[in-house]
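Working notes, beginning with the structure itself.
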Amino acid sequence: MAESATSTHKLHYRQARFLISAATLAQCPTDVGAEVAFAGRSNAGKSSAINALTSQKALARISKTPGRTQLINYFTIGETGRHLVDLPGYGYAKVPEKVKREWQTHLSNYLRNRQALRGLVLLMDVRHPLSEFDQMMLGWANEARMPVHILLTKSDKLKRGPAAASLQKVRHALKEWEDLVSVQLFSSLKYDGVEQAHAKLDEWLADPSVMDGVNDAVDAETVEDPFDD
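Each step along the sequence shown adds one to the number in the UniProt record's numbering, with nothing skipped, and position 207 is 207.
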């Protein structure tokens with residue numbers, strides 16, 4: 001886990017670039033350095049949030065069919081060893097139940113066993129938070145003692161009062177996990193909450209100590225984009 005903010009420096013998220021896609025945990029980059037994973041239901045605005053956080057329009061491809069992406073997508077930030085990880089969307093996709101179960105297995109395996117993982121960003125539609133999938137992800141994170149930062153997305157869809165009420169409702173529901181979970185409002189459309197989210201990412205990723213061992217690791221990374229059909 002990252003140390004105090006006094007030992008960190010800000011990262012340049014605009015420099016994020018696609019690195020690799022993995023179908024399983026075994027295909028992920030060498031397990032060193034630090035990474036933050038993004039998870040959420042397929043209609044929670046995950047790709048839009050990643051694009052907003054990196055000030056790029058199409059870093060994370062936005063599909064018209066939620067749940068289309070079934071891969072773990074890696075984006076590197078400025079230098080080898082620091083990554084943003086886009087996990088497969090789940091819960092809305094029109095895919096066979098067998099595929100959904102496989103996603104669950106891979107997600108659970110990733111959260112429990114990935115040593116470089118420093119935190120999980122869990123995205124929830126502010127109008128429909130704490131779905132069954134959200135609860136499942138929080139349960140896995142709690143078992144792994146993995147810190148979670150919740151983005152209540154699409155906050156621009158609600159007026160200020162209802163949005164604040166939804167924020168308080170989620171905080172109250174997760175009060176027993178307040179040492180592990182933090183929550184904020186977020187709008188990819190209006191870029192509301194971007195700076196607050198950056199501060200959390202910096203807390204997890206920017207500590208120089210996370211780079212220990214990175215230069216000695218075997219670099220098997222590639223920049224071949226699987227979306228270029």
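Here a beta-carbon is modelled for each residue, glycine too, at the ideal position from N, C-alpha and C.
If you're wondering where the values come from, they're calculated on a predicted model, not measured in any experiment.
Range covered by the beta strand (DSSP E) that runs through residue i
| i | result |
| --- | --- |
| Leu151 | 148-153 |
| His83 | 82-86 |
| Ala37 | 34-40 |
Straight-line gap, residue i to residue j (C-alpha atoms, nearest Å)
| i | j | result |
| --- | --- | --- |
| Ser48 | Arg14 | 14 Å |
| Ala44 | Asp156 | 13 Å |
| Met136 | Asn142 | 10 Å |
| Asp179 | Leu167 | 17 Å |
Three-state secondary structure (DSSP) of residue i
| i | result |
| --- | --- |
| Arg112 | helix |
| Arg14 | helix |
| Asn51 | helix |
| residue 275 | The displayed coordinates of the chain run from 1 to 229. Any statement about residue 275 would go beyond what the structure contains. |
| Gly161 | helix |
| Asp125 | strand |
| Ser21 | strand |
CA nearest to the CA of residue i, picked from the options
| i | options | result |
| --- | --- | --- |
| Pro88 | Ala37, Thr54, Pro162 | Ala37 |
| Asp134 | Ala144, Arg145, Val121 | Val121 |
| Leu185 | Leu205, Trp177, Asp207, Lys159 | Lys159 |
| Ser59 | Thr153, Ser21, Val183 | Contrary to the premise, residue 59 reads as Leu rather than Ser in this sequence. Leu59 has its Cα closest to that of Ser21, out of Thr153, Ser21, Val183. |
| Lys175 | Leu138, Ala199, Lys154, Ser188 | Leu138 |
The alpha helix (DSSP H) enclosing residue i, as first and last residue numbers
| i | result |
| --- | --- |
| Gly139 | 132-144 |
| Gln70 | Unbroken run through Gln70: none, as it is neither H nor E. |
| Val194 | 194-205 |
Environment of residue i [buried if 16+ CB atoms lie within 10 Å]
| i | result |
| --- | --- |
| Ala52 | buried |
| Thr24 | exposed |
| Glu97 | exposed |
| Arg82 | buried |
| Tyr191 | exposed |
| Pro29 | buried |
| Pro162 | exposed |
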